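Visitor: Numbering (the working numbering), first residue to last: -5 to 273. We put the CB at the ideal spot given by N, CA and C, even for glycine. Quick caveat, the model's predicted, so the values are computed rather than measured.
1) What whole-angstrom Cβ distance do residue 72 and residue 50 have, given they're in contact under 8 Å?
2) So, residue 63 versus residue 111, is the Cβ gap smaller than 9 Å?
3) For residue 84, I'd like the list of residues in its chain whose CB is within less than 6 Å of its CB, leaving aside the five on either flank, ordered along the chain.
4) Going straight from the alpha carbon of residue 227 to that of residue 185, what length do you get?
5) If you check the beta carbons only, do residue 54 and residue 16 fall under 9 Å apart?
6) What is the rounded straight-line gap between the Cα of residue 98 and the Cα of residue 65?
7) Can you list, in chain order, the residues of its chain with a C-beta nearer than 7 Å to that of residue 270? Leave out the 5 residues immediately preceding and following it.
8) By the 10 Å Cβ neighbour count, where 16 or more other Cβ atoms means buried, how is residue 159 classified, buried or exposed?
9) With 16 as the cutoff for other CB atoms within 10 Å, does residue 9 come out buried or exposed?
10) With a CB to CB cut of under 7 Å and the five nearest residues on each side skipped, what residues in its chain are close to residue 268?
11) If you run the structure through DSSP and keep just helix, strand and coil, what is residue 6?
12) With H, G and I counted as helix, E and B as strand and the rest as coil, what does DSSP make of residue 163?
13) Determine the extent of the alpha helix (DSSP H) in which residue 57 is found, giving its start and end residues.
14) Counting only runs that start and end within the region 104 to 176, where is the beta strand (DSSP E) found for 3 or more residues in a row?
15) Mind checking whether residue 151 and residue 180 have CB atoms under 9 Å apart?
16) Using a Cβ-Cβ cut-off of 6 Å (strictly less than) and excluding sequence neighbours within five positions of residue 142, which residues of its own chain qualify?
17) For residue -5, which of 58, 25, 27 has the nearest alpha-carbon?
18) Using CA atoms only, rank isn't needed, just tell me which of 259, 236, 263 is closest to residue 251.
19) Grouping DSSP H, G and I as helix and E and B as strand, with all else coil, what is residue 93?
20) Do you know offhand how far residue 233's Cα is from residue 82's?
21) Specify, as a first and last residue, the run of the alpha helix (DSSP H) that residue 178 falls within.
22) So residue 246 is in the alpha helix (DSSP H); what residue range does that whole segment cover?
23) What's the gap between the Cα of residue 4 and the Cα of residue 254?
24) Is the beta carbon of residue 22 less than 9 Å from the beta carbon of residue 37?
25) Within its chain, find whatever has a CB closer than 8 Å to the CB of residue 155; leave out the 5 residues flanking it on each side and keep chain order.
26) Can you give me the Cβ contacts of residue 248 inside the same chain, cut-off strictly under 8 Å, excluding the 5 residues immediately before and after it?
27) In chain order, what residues of the same chain have a beta carbon less than 8 Å from the beta carbon of residue 42, not counting five sequence neighbours either side?
28) Determine the direct distance from the alpha carbon of residue 170 to that of residue 139, and round the result to whole angstroms.
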C-alpha cells in the first residue's frame, strides 16, 4: 500500500469510535482526501493535537485505492493560526473559506492554486486583517480559480463598455446568469432569453474590481488607503455571495445567515429601477 505525504488543511472531522476520527482534508498535490485517524485522542498517537482547523499541516497516509477511507499514519503542524478562533467574526470568515474550498476541491486532483488561495486567506485573518476584507479578497480569487469571475466593468456578453442604465448614472445592469455586468442592449437580449436581469450600484462593482486578483489566483495585499469603507465591503460581499449562490447551486452553512436578509444592493424605495428589474 503506497504511502503519500502532502501539506493539508482540515475540512471536516467527526468522531469514530472511542478514540478515532474520520477526517476530510484538502491537500496541495492530491486534492480532497478522506482519512481515518485511528487513536487520534491518545497522547501516544503520531498526530495527537495536530488535527485542528485553519492550521497548515504536514500529513502522511496510506493510499488504499478503492477504499472509502485511507489510513492516516503521521502528522505535524507546519503553521498554527490560534488567533483565528479567538474572534467570532474572524472564525466565521475562516470557516466560510474552508466550506467553499470543500465545495470546489476534487479528490485526487492537484489544486495548488486553490490551496494557496486558502493559505493566503487564513494568513490574512491570523495577521489581523479585517474579516470582511479578507473574505471578499478570498471570494474574488475563488471565483477566478473556478473560471467564474463576474464581469464588473465591461459587458459580460459583448465585452464593450457597460454604461449605467439608470438616469442618475449610479446603477448598471447585472445578471448572474449572463456572467455579470451588461450593457443595455445585451441586458435586453438576456431578458428576452429568459434570464433574470437587475441592477447593481456602479460604486460596488468598481470596488469589487479594485479588490480583484491581478492575474493570479492569490491576490496581492491591499494597501490600506485603497481599502473600501466597511459598509462598501459588506455590500461587495453581498454581491459575491449571491453570485456564488447562483453558480454553485448550494449555499455554505456559514453564508446562510448573511444571505437571509434582503439584498443589500437593492435600489432604495422610489429609486428608478426596482430590485430584480431593468429600468
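Guide: On the basis of the data shown:
1) As a first step, residue 72 must be located in the chain shown, where it is residue number 78. As a first step, residue 50 must be located in the chain shown, where it is residue number 56. Their Cβ separation, rounded to whole angstroms, is 4 Å, which keeps residue 72 and residue 50 in contact under 8 Å.
2) By 1-based counting over the chain shown, the position of residue 63 is 69. By 1-based counting over the chain shown, the position of residue 111 is 117. No, these two residues do not count as a Cβ contact at 9 Å.
3) Counted from its first residue, the chain shown places residue 84 at position 90. For residue 84, where only same-chain residues beyond five positions count, the Cβ hits under 6 Å are 78, 119, 125.
4) Taking the first residue of the chain shown as 1, we reach residue 227 at position 233. Taking the first residue of the chain shown as 1, we reach residue 185 at position 191. In a straight line, the C-alpha of residue 227 is about 29 Å away from that of residue 185.
5) Counting from 1 along the chain shown, the entry for residue 54 is found at position 60. Counting from 1 along the chain shown, the entry for residue 16 is found at position 22. No, they are not a contact pair.
6) Against the chain shown, residue 98 aligns to sequence position 104. Against the chain shown, residue 65 aligns to sequence position 71. So the two alpha carbons sit approximately 23 Å from each other.
7) Working through the chain shown from its first residue, we reach residue 270 at position 276. Because the pLDDT of residue 270 is 46, which lies under 50, any placement of that residue in the model is unreliable, and the number read from its coordinates should be weighed accordingly. Correct list, in chain order: 190, 192.
8) Numbered from 1 along the chain shown, position 165 holds the residue referred to as residue 159. Under this definition residue 159 is a buried residue.
9) As a working note, residue 9 is residue 15 in the chain shown. Looking at its Cβ environment, which holds fewer than 16 other Cβ atoms inside 10 Å, residue 9 is exposed.
10) Here residue 268 is taken as the residue at index 274 of the chain shown, counted from 1. Note that residue 268 has pLDDT 42, beneath the 50 cutoff, so the model's placement of it is unreliable and no number is given.
11) Counting from one through the chain shown, the residue named residue 6 turns up at place 12. Note: residue 6 maps to strand in three-state DSSP.
12) Counting from 1 along the chain shown, the entry for residue 163 is found at position 169. The answer is coil: DSSP assigns residue 163 none of H, G, I, E or B.
13) In the chain shown, the residue the question calls residue 57 occupies position 63. It is not in any alpha helix (DSSP H) - residue 57 carries neither H nor E in the DSSP assignment.
14) 165 to 169, 174 to 176
15) For the purposes of this step, residue 151 is identified with residue 157 of the chain shown, where counting begins at 1. For the purposes of this step, residue 180 is identified with residue 186 of the chain shown, where counting begins at 1. Their beta carbons are under 9 Å apart, which means residue 151 touches residue 180 by this criterion.
16) In the chain shown, counting from the first residue as 1, residue 142 sits at position 148. Cβ within range, chain order: 241.
17) Indexing the chain shown from 1 puts residue -5 at position 1. The shortest Cα separation from residue -5 among 58, 25, 27 belongs to 58.
18) Start at 1 with the first residue of the chain shown, and residue 251 comes out as number 257. Comparing Cα positions, the closest option is 236.
19) Here residue 93 refers to the residue found at position 99 of the chain shown. Here residue 93 sits in helix by DSSP.
20) The residue labelled residue 233 in the question sits at position 239 within the chain shown. The residue labelled residue 82 in the question sits at position 88 within the chain shown. Roughly 23 Å separates the two Cα atoms.
21) Translated into the one-based positions of the chain shown, residue 178 becomes position 184. Unbroken alpha helix (DSSP H) run through residue 178: 178 to 186.
22) To locate residue 246, count along the chain shown from 1; it is residue 252. No alpha helix (DSSP H) holds residue 246; DSSP gives it neither H nor E.
23) Position 10 of the chain shown, counted from the first residue, corresponds to residue 4. Position 260 of the chain shown, counted from the first residue, corresponds to residue 254. Each residue's alpha carbon lies about 27 Å from the other.
24) Locating residue 22 in the chain shown gives position 28, counting from the first residue. Locating residue 37 in the chain shown gives position 43, counting from the first residue. It is not a contact, given that the beta carbons lie outside the stated cut-off.
25) The residue labelled residue 155 in the question sits at position 161 within the chain shown. Only 148, 149, 177 meet the Cβ criterion.
26) To locate residue 248, count along the chain shown from 1; it is residue 254. Cβ within range, chain order: 86, 89, 90, 93.
27) The residue you call residue 42 lines up with position 48 of the chain shown. 34, 35, 36, listed in sequence order.
28) The sequence position of residue 139 within the chain shown is 145, counting from 1. The sequence position of residue 170 within the chain shown is 176, counting from 1. The straight-line gap from Cα to Cα measures roughly 17 Å.
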